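Using the UniProt record's numbering, the letters of the sequence shown correspond one by one to residues 1 to 307.
Beta carbons are placed, not taken as given, at the ideal position from N, Cα and C, and that holds for glycine.
Since this is a predicted model, take the numbers as computed values, not measurements.
Worksheet: the structure to be examined is printed underneath.
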Amino acid sequence: MTISTVAALQLGSHPDGKTKTLEKILSYETEIKDAGVNLVVMPEALLGGYPKGETFGTYVGYRLPEGREAFQRYFANAIDVPGPETVELEGLSARTGAHLVVGVIERAGSSLHCSALFISPEEGLVATHRKLMPTGSERLIWGQGDGSTLPVIDTPAGKIGAAICWENHMPLLRTAMYAKGIEVWCAPTVDERENWQISMRHIAHEGRCFLVSACQFQPSPRELGTSVPHWNDDRPLMQGGSVIFSPMGEVIAGPLKNEPGLLVAKIDTSELVKARYDFDVVGHYSRPDVFTLIVDERQKTSVVFQK
Numbered sequence: 001m002t003i004s005t006v007a008a009l010q011l012g013s014h015p016d017g018k019t020k021t022l023e024k025i026l027s028y029e030t031e032i033k034d035a036g037v038n039l040v041v042m043p044e045a046l047l048g049g050y051p052k053g054e055t056f057g058t059y060v061g062y063r064l065p066e067g068r069e070a071f072q073r074y075f076a077n078a079i080d081v082p083g084p085e086t087v088e089l090e091g092l093s094a095r096t097g098a099h100l101v102v103g104v105i106e107r108a109g110s111s112l113h114c115s116a117l118f119i120s121p122e123e124g125l126v127a128t129h130r131k132l133m134p135t136g137s138e139r140l141i142w143g144q145g146d147g148s149t150l151p152v153i154d155t156p157a158g159k160i161g162a163a164i165c166w167e168n169h170m171p172l173l174r175t176a177m178y179a180k181g182i183e184v185w186c187a188p189t190v191d192e193r194e195n196w197q198i199s200m201r202h203i204a205h206e207g208r209c210f211l212v213s214a215c216q217f218q219p220s221p222r223e224l225g226t227s228v229p230h231w232n233d234d235r236p237l238m239q240g241g242s243v244i245f246s247p248m249g250e251v252i253a254g255p256l257k258n259e260p261g262l263l264v265a266k267i268d269t270s271e272l273v274k275a276r277y278d279f280d281v282v283g284h285y286s287r288p289d290v291f292t293l294i295v296d297e298r299q300k301t302s303v304v305f306q307k
């Protein structure tokens, strides 16, 4: 069957932590099931949180004790993969029949990764993608993923893969995903800006694939009872902008702004061949005699024990 229902779940991390955030996610179970959704994409760092405006006490050349304490709190709110939270997400997937792509902050030893989890109704947690390149000061708190976590998996909605926030701007990453046969591009993000909408339209049109982008929605600092440096207290921290595009770069749902919600659309993957008739970026419109991309998918480790 080529026709399916996809959705972006737009909501924000709860200020009281991952347990409350998980409750918010689970509260959409009936809506997901009643809509007959086959695939739900959730925002970047939804479980674990995106600490917008936090400096973690860091300046060039030195770090303050309160920054270490802030990181300790942030680490405590991250999740283990697998762990109790992934078990709950597996249950949600099984009960609704929907595949899930969920943005989380993942613990790895004493380090953190910004990751996307792929969860199947039948098999549970089937894959993880770790963000290859954190942006700006995100590099203070998140490690870099390697080429071993670039999955494209089969689902009833089509072949799905994910790129998180600004790594969507990496042309070589996009090319690798296209070469893996991606049909539904999943883009968890916290980028609320109009330029993000332009990028998402471009990727859908370039890859001739459907695209589902899910962004967090966070109320204003005043509503949250907090303050963020150099941010208007009455402006939403993240206004959302979740959106679904066709393979020709046309909006088919959204963008959803200034409120949480489930953004739903029907897609038909039989449209992909028609879309690629005149532009198949890794097929007839490629030039392997001129350009070659080598993708190293080996898992990297800093220590290798040999006997």
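query: Consult DSSP for Gln218 and reduce its assignment to one of helix, strand or coil.; result: strand
query: Does DSSP classify Ala76 as helix, strand or coil?; result: helix
query: Helix, strand or coil for Trp142 per DSSP?; result: coil
query: Going by alpha carbons, who is nearest to Ile3 out of Glu183, Ser199 and Leu22?; result: Glu183
query: Using alpha carbons as the reference points, say which of Thr135, Pro151 and Val152 lies closest to Gln144.; result: Thr135
query: So Glu90 is in the alpha helix (DSSP H); what residue range does that whole segment cover?; result: Pro84 to Thr96
query: Go ahead and label Lys131 buried or exposed: buried means 16 or more other beta carbons lie within 10 angstroms of its beta carbon, across all protein chains shown.; result: buried
query: Going along the chain, which unbroken runs of the beta strand (DSSP E) with 3 or more residues stay wholly within the stretch 95-161?; result: 99-108, 111-120, 124-130 and 152-155
query: Closer than 8 angstroms is the cut-off here; do at least three beta carbon pairs connect the stretch 5-19 with the stretch 257-265?; result: yes
query: Taking just the CA atoms, how far does Asn38 sit from Ala98?; result: 4 angstroms
query: Going by DSSP, name the residue or residues bridged to Ala204.; result: Paired residue(s): none; Ala204 is not in a bridge.
query: Pick helix, strand or coil for Trp231, following the three-state DSSP scheme.; result: coil
query: Got a sec, what are the start and stop residues for the beta strand (DSSP E) Lys33 sits in?; result: Premise fails: Lys33 lies in the alpha helix (DSSP H), Glu29 to Asp34, not in any beta strand (DSSP E).
query: Looking at Phe56 and Ser110, is the spacing between their C-beta atoms short of 9 angstroms?; result: no
query: What did DSSP end up calling Ser199 once you bin it into helix, strand or coil?; result: helix
query: Can you give the Cα-Cα distance for Lys33 and Arg95, rounded to whole angstroms?; result: 8 angstroms
query: Have a look at Pro156 and Cys114 and give me their C-alpha separation to the nearest angstrom.; result: 26 angstroms
query: Take Pro188 as the anchor and find which of Thr19, Leu47 and Glu31 has the nearest alpha-carbon.; result: Leu47
query: Along the chain, where does the alpha helix (DSSP H) containing Met177 start, and where does it finish?; result: Pro171 to Ala179
query: The alpha helix (DSSP H) spanning Ile25 covers which residue range?; result: Lys18 to Leu26
query: Could you check the C-alpha separation between Pro288 and Cys209 for me, to the nearest Å?; result: 21 angstroms
query: Going by alpha carbons, who is nearest to residue 308 out of Ala275, Leu100 and Glu167?; result: Residue 308 lies beyond the stretch modelled for the chain, which goes from 1 to 307, so this question has no answer here.
query: If we require 3 or more residues per run, which beta strand (DSSP E) segments fall completely within the stretch 246-287?; result: 251-257 and 261-268
query: Reducing DSSP to helix, strand and coil, say where Leu211 ends up.; result: strand
query: From Met42 to Trp196, what distance separates their C-alpha atoms?; result: 16 angstroms
query: Using DSSP's beta-bridge definition, name the partner residues of Met238.; result: Gln218
query: Take the Cβ of Lys18 as the centre, count every other Cβ of all protein chains shown within 10 Å, and call the residue buried at 16 or more, exposed below.; result: buried
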